[in-house]
Structure formats: structure tokens, C-alpha cells
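Written below as C-alpha cells is the structure these notes are about.
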Amino acid sequence: DDIDDEDGTGDSDSLHRLEPPGKDEIKNNQWLGVTVETGGQENKIFVCAHRYIKINNPQSLAYAASGPGSTGLYLGQGVCYVLNEDFSFGFAVEVCRGRSIEREHQQYAFCQSGTSGAVLPDGTALIGTPGAMTWKGTLFNVAIEGGFLSRDKFQYFAPHDNLHSPVPNYSYLGMSVTGGRFFGEYMAYAGGAPRAAQGNGEVVIFSNRYKKNPFDHVISLRGEQFGSGFGSTLVSADVNGDG
1 DDIDDEDGTG
11 DSDSLHRLEP
21 PGKDEIKNNQ
31 WLGVTVETGG
41 QENKIFVCAH
51 RYIKINNPQS
61 LAYAASGPGS
71 TGLYLGQGVC
81 YVLNEDFSFG
91 FAVEVCRGRS
101 IEREHQQYAF
111 CQSGTSGAVL
121 PDGTALIGTP
131 GAMTWKGTLF
141 NVAIEGGFLS
151 RDKFQYFAPH
161 DNLHSPVPNY
171 SYLGMSVTGG
181 RFFGEYMAYA
191 GGAPRAAQGN
201 GEVVIFSNRY
211 KKNPFDHVIS
221 LRGEQFGSGF
231 GSTLVSADVN
241 GDG
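Position 160 of the sequence shown, counting from 1, maps to 160 under full-length UniProt numbering, and the rest follow consecutively.
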């Protein structure tokens, strides 16, 4: 059905058709709008649904209900959308789509990408994915401005494998994210991990000055009280007025 013409103008240009979900996705309870950010030079709007589910094999739903390893078919990877400043659709961002899912939650089957997000001044978006790698979590950085041909379509990310992750399993790194020029002219990224540090929580700061994978881990700030949720929320501010 069409969206109602709430303003009563009858302007057909203001009406948009709601497309039904595809056979390979579940949008019920996806929480679209859990993250809404805007900014950059082009005033892009960035909106996410971290509970969005992709069905890995929609032809095997009967097997998924009863077969061994069936949870791997329902991928709680999340999705984000880039909208233009007039709210017209740009494109979808699915940072965990196509990544390894054989070990399910130990890899990228339940990323929950878009739990947090930030649009940065350099025309990129920072995306928190606290469910990756047994809920170690990580951060992704993607370009959202510029034309399709000119835009950098590479996905940059923080270290999150077992050998190089700055946090252990179940830390929820990416529950919150922010970015800024914390160390000079280049962008740096911060991610909250409220269950790291034996439950005290941490804020982990990365840089990616040379546009490579993974980010460089710069420093971790540890919470002082167990169970405080330190890192659950982050915000950047120019406190010294240096731009």
C-alpha cells in the first residue's frame, strides 16, 4: 500500500510506495532508526537497522526450522542506508554481507551492524558492529559521499581477529562510535566496548591515516567501576577550539 498523504496536499510526489521484504530477508523487528546520523559535505542521512536479518538460503526454510546448524541460515548482520538530504534513497551498506559465516557467531553471522554509527566530516560513515567475532565487536569505515564511480568502495575496519583484537570475546566493541581529528589533521575513530576490561568497559581509539586494513590501535581508556557500562555512549566535541 501507499504511505498516507499526511499533509493533505494531494501531491503525488510526496507519496512513496512501501516495497515488501524480499524472500531472502526479514524486516519485522529490525529496529530501523536505531541509528540516525547526518553530516558531511553533502548532508547525507545515515540510518540503520541492526536487527535486520538476511536469509542465507531462502530455499531451505524447512531445513532451517529443524536441521543441524540451522542458525547459520538466519544472519543477524544488520543493514544501514544512505539517504540524500531530500530523503531520497541512495544505497544500502551491509558491511558483513559476504564475509565468512561458517562458524556462525564466531565470525560474521550476527554482526548487528548499525547498532551505532557516525557520519564524519571527511564524507565517511563509521559503523559499530558489536556482534562480530563472538561479540568482540569491531568498527567499519566506509565512504558515503561522491558518485558511484569516484567513491572509495573499500571497507576499512578495526582489528578483530583472535590474535590482534584489542578486546576479548563478549566486549561489544562498536556499541557506540564516534570520530574526529584527535591526533592532528587525519581522522581517528573511537569505539565503546562496555563489557571489556573484565566488565569495567573500555573506549578504544584507532587511527587509519594511511587508509589500510586493519586500523592502527592507538590507545584504550578503561572504566574504573565494574558494571558501569563505560563506553556505552560516545560523543566528539571540539573542546579546545582548534577545529
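All residues carry an ideal CB built from backbone N, CA and C; glycine is no exception.
Helix, strand or coil at residue i [DSSP, three-state]
| i | result |
| --- | --- |
| histidine 164 | coil |
| alanine 132 | helix |
| leucine 139 | strand |
| glutamate 37 | strand |
| leucine 173 | strand |
| leucine 75 | strand |
Local Cβ density within 10 Å of residue i, reported as buried at 16 or more and exposed below that
| i | result |
| --- | --- |
| glycine 76 | buried |
| histidine 160 | buried |
| asparagine 162 | exposed |
| glutamate 19 | exposed |
| glycine 184 | exposed |
| threonine 233 | exposed |
| leucine 149 | exposed |
| proline 166 | buried |
| arginine 195 | buried |
| glutamate 37 | buried |
| serine 228 | exposed |
| proline 121 | exposed |
| valine 235 | exposed |
Counterpart residues of residue i in DSSP-defined beta bridges
| i | result |
| --- | --- |
| glycine 117 | Ile127 |
| histidine 217 | Phe206 |
| glutamate 25 | Lys54 |
| cysteine 80 | Cys48, Val93 |
| tyrosine 189 | Gly179, Phe206 |
| arginine 222 | Glu202 |
| tyrosine 156 | Asn141 |
| phenylalanine 87 | Answer is none; phenylalanine 87 lacks a bridge partner. |
Own chain, CB closer than 7 Å to residue i, minus 5 neighbours either side, in chain order
| i | result |
| --- | --- |
| glutamine 155 | Val95, Phe140, Val142 |
| glycine 98 | none |
Cutoff 7 Å: residue i Cβ touching any chain D Cβ
| i | result |
| --- | --- |
| aspartate 122 | The structure shown has no chain D; it contains just one protein chain. |
Short Cβ contact (7 Å threshold) for residue i with residue j
| i | j | result |
| --- | --- | --- |
| lysine 44 | valine 82 | yes |
| valine 203 | alanine 190 | yes |
| glycine 39 | valine 119 | yes |
| cysteine 186 | arginine 209 | In the sequence as presented, cysteine is not what sits at residue 186; that position holds tyrosine. Their beta carbons are under 7 Å apart, which means tyrosine 186 touches arginine 209 by this criterion. |
| glutamate 145 | glycine 123 | yes |
| glycine 117 | threonine 35 | yes |
| glutamine 107 | serine 100 | yes |
Nonlocal neighbours in the same chain, by C-beta distance under 6 Å from residue i, ignoring five residues either side
| i | result |
| --- | --- |
| phenylalanine 215 | Ala158, Phe206, Asn208 |
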